[in-house]
Amino acid sequence: MEALLEQEKSFRLNGDKDRLADVLIAMVDHARTDKETIEIIALMSKKKGQLKEALAKMIGHAYAKKQAEYHTSLEEYSFRKVRTVDLSEAFEHEHNKHAETEPTPLLQFLRTLLSSVIEGKIYLEGVRVLVTDGIKQILLSQNMVKEALETIYSVNVETFSSLTTEDILKYQLEQMYLAIISRETEKASTLSKRLSQRHLEEAPSLKPFYLNRMIFVHLREKDYHGVSSVFSEIRKSEESVDGAHSLNVSLGIFYGILSLHHPYSPMLIKGNTESKLCPDSSRVLGEMFISTRLVKQDELASSLAQAPSEVQQAYAHYQEEIDKILTEHNIIVISTYYNRITIESMSSILSTPTSVLTPLITEMIRKKMLTGIVDQMSGTVVFSLPENDLEDWSTGIDKCLDLIIKISHNITKT
1 MEALLEQEKS FRLNGDKDRL ADVLIAMVDH ARTDKETIEI IALMSKKKGQ LKEALAKMIG
61 HAYAKKQAEY HTSLEEYSFR KVRTVDLSEA FEHEHNKHAE TEPTPLLQFL RTLLSSVIEG
121 KIYLEGVRVL VTDGIKQILL SQNMVKEALE TIYSVNVETF SSLTTEDILK YQLEQMYLAI
181 ISRETEKAST LSKRLSQRHL EEAPSLKPFY LNRMIFVHLR EKDYHGVSSV FSEIRKSEES
241 VDGAHSLNVS LGIFYGILSL HHPYSPMLIK GNTESKLCPD SSRVLGEMFI STRLVKQDEL
301 ASSLAQAPSE VQQAYAHYQE EIDKILTEHN IIVISTYYNR ITIESMSSIL STPTSVLTPL
361 ITEMIRKKML TGIVDQMSGT VVFSLPENDL EDWSTGIDKC LDLIIKISHN ITKT
């Protein structure tokens, strides 16, 4: 080892990075234990004027050597194979993805190497990505998903100047993937804000994976309009593919219905129903909720029975919300045909108890989904046009009269 140390000093001071790398690798081979290996790497990392390329090769050699010693095979930069998050993850109950397992010798070695040598050194950014990815693979093989997430979550790759834009994006997408499958969707939301939209536009092949993850971010925030928007965006990209069959159009319609009272959701539903990729069952489902007709519960059930299984699974999860939206839709339809109606009559029309209708109508008026008054004494609802609608109507009439007068004057002149 003394001879190797002398050679290391000479090559380092002379800037001979290739021969220096050979000496540093020889030092790793000379070390007999994990502790000695880490100690010699730590010592070399502290040398003044140490060449970062040679040190990176030293650590890379130790990384490969220990895998062979412990009969473990880790894929280099496994995050480069970007995975899609299965939509079923949105509906599965919390399950055990956090297992207490004794750390393997290789895991202990890599963790110590990371904490005592690599972390905090800007010139070892690439090595940090390699080693954290290796630790993540070991933890995932032991079903320790939360620990795997914690390992890579703290790596702010967006600040790593030595990485390519594509590698930065792929690492961030892997971070989001682990956050979602470990039910840490708040962290997934934070990670989504760290991802550069400009870089994403420069790597269009990665955009679908980003959108896939954003579905779960919006679901966590109960932003169903956002979910519908994502599915609709994916659907648009698929329309240019010949012979494409898309589930996204059906899910775009479903989540549009779930956010029916958002100002732009009816537009999203309409866009999806008009898509050439939209199956008949989903088209019928969407048109029910953007029409001005009453929709019966059995009609909804019949349409859902023919919908894709993923839509049926989503309905099973959100049945209470969808059923409420159906009733709200029907109340709004009734308000367009009646100025005044008893709650008893509405109950008969909608086959819904008055005990359900009264508080629901009151809530809709409070949320400005309807304009009207509930007379509790007489059990009557009086509907009226919103003030802005009346103003728009009045303004429209005035404009129309102005145009008639102008046309009349022009006719007189001729």
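With the UniProt record's numbering applied, the sequence shown covers 1 to 414.
All residues carry an ideal CB built from backbone N, CA and C; glycine is no exception.
May I ask you to report which of helix, strand or coil DSSP gives residue 323? If you number the sequence shown from 1, residue 323 lands on position 323. Helix.
Residue 118 to residue 191, Cα distance in whole Å? Position 118 of the sequence shown, counted from the start, is the residue given in the question as residue 118. Position 191 of the sequence shown, counted from the start, is the residue given in the question as residue 191. Computed Cα separation, rounded: 23 Å.
Would you kindly report the start and end of the unbroken beta strand (DSSP E) that includes residue 373? Indexing the sequence shown from 1 puts residue 373 at position 373. Residue 373 -> beta strand (DSSP E) spans 372-375.
What three-state label does DSSP hand residue 183 in the structure shown? On the sequence shown, position 183 is the one that residue 183 refers to. The answer is coil: DSSP assigns residue 183 none of H, G, I, E or B.
Secondary structure of residue 157, DSSP reduced to three states: On the sequence shown, position 157 is the one that residue 157 refers to. Correct three-state label for residue 157: helix.
7 Å CB neighbourhood of residue 10 in its chain, flanking five on each side removed: As a working mapping, residue 10 is identified with position 10 in the sequence shown. Closer than 7 Å at the Cβ level, and outside the excluded window around residue 10, lies no residue.
Compare the C-alpha of residue 210 against each of 153, 84 and 224 and name the closest. Sequence index remark: in the sequence shown, residue 210 carries index 210 (1-based). Nearest option by C-alpha distance: 84.
For residue 340, write down the residues that DSSP places opposite it in a beta bridge. Numbered from 1 along the sequence shown, position 340 holds the residue referred to as residue 340. DSSP, once it has assigned bridges, lists 382 as partnering residue 340.
Pull up the CB-CB distance for residue 219 and residue 90, whole angstroms please, since I reckon it's below 8 Å. Locating residue 219 in the sequence shown gives position 219, counting from the first residue. Locating residue 90 in the sequence shown gives position 90, counting from the first residue. At roughly 6 Å, the Cβ-Cβ gap stays under 8 Å, so residue 219 and residue 90 are in contact.
Cβ atoms of residue 67 and residue 106: under 8 Å apart, would you say? Within the sequence shown, residue 106 is the residue found at index 106, counting from 1. Within the sequence shown, residue 67 is the residue found at index 67, counting from 1. Yes; because the gap between Cβ atoms is below 8 Å, this pair is in contact.
Enumerate in chain order the residues of its own chain whose CB-to-CB distance from residue 253 is below 7 Å, with the five nearest sequence positions on each side excluded. Within the sequence shown, numbered from 1, the residue matching residue 253 stands at position 253. So the list reads 269, 272, 273, 282, 285 and 286, once near-sequence residues are dropped.
Mapping DSSP to helix, strand and coil, what is residue 390? Sequence index remark: in the sequence shown, residue 390 carries index 390 (1-based). Note that residue 390 scores a pLDDT of 47, beneath 50, so its modelled location is shaky; the value from the coordinates is reported in the next line. Residue 390 falls in the helix class under three-state DSSP.
Exposure label - residue 37; buried when at least 16 CB within 10 Å: For the purposes of this step, residue 37 is identified with residue 37 of the sequence shown, where counting begins at 1. Residue 37 is buried by the Cβ-count criterion.
Could you round the C-beta distance between residue 7 and residue 23 to whole angstroms and report it? I think they count as a contact, below 8 Å. What you label residue 7 is simply residue 7 of the sequence shown in a count that begins at 1. What you label residue 23 is simply residue 23 of the sequence shown in a count that begins at 1. 5 Å between Cβ atoms; contact.
Sub-8 Å separation of residue 332 and residue 370 beta-carbons: Indexing the sequence shown from 1 puts residue 332 at position 332. Indexing the sequence shown from 1 puts residue 370 at position 370. It is a contact, given that the beta carbons lie within the stated cut-off.
Of all the options 123, 110 and 34, which has the alpha carbon lying nearest to the alpha carbon of residue 51? On the sequence shown, position 51 is the one that residue 51 refers to. Closest by alpha carbon: 123.
Here's a check: name, in chain order, each residue in its chain whose Cβ is nearer than 6 Å to the Cβ of residue 95, leaving out the five neighbours to either side. Counting from 1 along the sequence shown, the entry for residue 95 is found at position 95. Note on residue 95: pLDDT 48, under 50, position unreliable in the model; no value is reported.
Check the C-beta distance from residue 163 over to residue 157 and give it rounded, since I have them as a contact under 8 Å. Taking the first residue of the sequence shown as 1, we reach residue 163 at position 163. Taking the first residue of the sequence shown as 1, we reach residue 157 at position 157. Confirmed, Cβ separation roughly 6 Å.
Take residue 57 as the anchor and find which of 41, 71 and 227 has the nearest alpha-carbon. Stepping through the sequence shown from its first residue, residue 57 is reached at position 57. Residue 57 has its Cα closest to that of 41, out of 41, 71 and 227.
Between the Cα of residue 181 and those of 215, 159 and 165, spot the shortest distance and give me the residue it belongs to. In the sequence shown, residue 181 corresponds to position 181, counting from 1. It is 215.
Runs of alpha helix (DSSP H) lying entirely within the segment 281-306, each at least 4 residues, in chain order: 297-305
Please list the terminal residues of the continuous alpha helix (DSSP H) segment that includes residue 266. Residue 266 sits at position 266 when you count from the first residue of the sequence shown. Here the alpha helix (DSSP H) through residue 266 covers 265-273.
Neighbour-count burial assignment, residue 260, 16 or more Cβ in a 10 Å radius: The residue you call residue 260 lines up with position 260 of the sequence shown. Residue 260 should be labelled buried.
According to DSSP, is residue 126 helix, strand or coil? Counting from one through the sequence shown, the residue named residue 126 turns up at place 126. Looking at residue 126 - three-state DSSP - the assignment turns out to be helix.
Could you say if the segment 339-357 and the segment 365-381 meet the contact criterion of at least three C-beta pairs nearer than 8 Å? yes
Just to confirm, is the Cβ distance from residue 185 to residue 145 under 8 Å? The residue you call residue 185 lines up with position 185 of the sequence shown. The residue you call residue 145 lines up with position 145 of the sequence shown. Their beta carbons are not under 8 Å apart, which means residue 185 does not touch residue 145 by this criterion.
Would you mind giving the Cβ-Cβ distance between residue 47 and residue 12, rounded to the nearest angstrom? I have them listed as a contact below 8 Å. For the purposes of this step, residue 47 is taken as residue 47 along the sequence shown, with counting starting at 1. For the purposes of this step, residue 12 is taken as residue 12 along the sequence shown, with counting starting at 1. Right, their Cβ atoms sit about 6 Å apart.
According to DSSP, is residue 85 helix, strand or coil? Here residue 85 is taken as the residue at index 85 of the sequence shown, counted from 1. Three-state result, residue 85: coil.
Look at the alpha carbon of residue 403 and the alpha carbon of residue 226, and state the distance between them as a whole number of angstroms. Counting from 1 along the sequence shown, the entry for residue 403 is found at position 403. Counting from 1 along the sequence shown, the entry for residue 226 is found at position 226. Cα-Cα distance, rounded: 41 Å.
Please name the residue in 339, 103 and 109 whose C-alpha comes closest to that of residue 147. Start at 1 with the first residue of the sequence shown, and residue 147 comes out as number 147. Selected option, being the one with the closest Cα: 103.
Along the alpha helix (DSSP H) that carries residue 231, what are the first and last residues, could you check? Mapped onto the sequence shown, residue 231 falls at position 231. Note, residue 231: alpha helix (DSSP H), 224-238.
Can you give the Cα-Cα distance for residue 154 and residue 127, rounded to whole angstroms? For the purposes of this step, residue 154 is taken as residue 154 along the sequence shown, with counting starting at 1. For the purposes of this step, residue 127 is taken as residue 127 along the sequence shown, with counting starting at 1. Cα-Cα distance, rounded: 15 Å.
Just the C-alpha distance for residue 357 and residue 323, rounded to the nearest angstrom, thanks. Within the sequence shown, residue 357 is the residue found at index 357, counting from 1. Within the sequence shown, residue 323 is the residue found at index 323, counting from 1. Whole-angstrom Cα-Cα distance: 13 Å.
Return the chain-ordered list of same chain residues with a C-beta closer than 6 Å to the C-beta of residue 171, the five sequence neighbours on each side being excluded. Along the sequence shown, read from residue 1 onward, the residue named residue 171 stands at position 171. Answer for residue 171: 79 and 157, listed in chain order.
Boundaries (first-last residue) of the alpha helix (DSSP H) holding residue 19: Position 19 of the sequence shown, counting from 1, holds the residue named residue 19. It spans 17-30 - the alpha helix (DSSP H) in which residue 19 sits, taken as one unbroken run.
Residue environment, residue 359, which counts as buried when at least 16 other CB atoms sit within 10 Å: Start at 1 with the first residue of the sequence shown, and residue 359 comes out as number 359. So residue 359 ends up on the exposed side.
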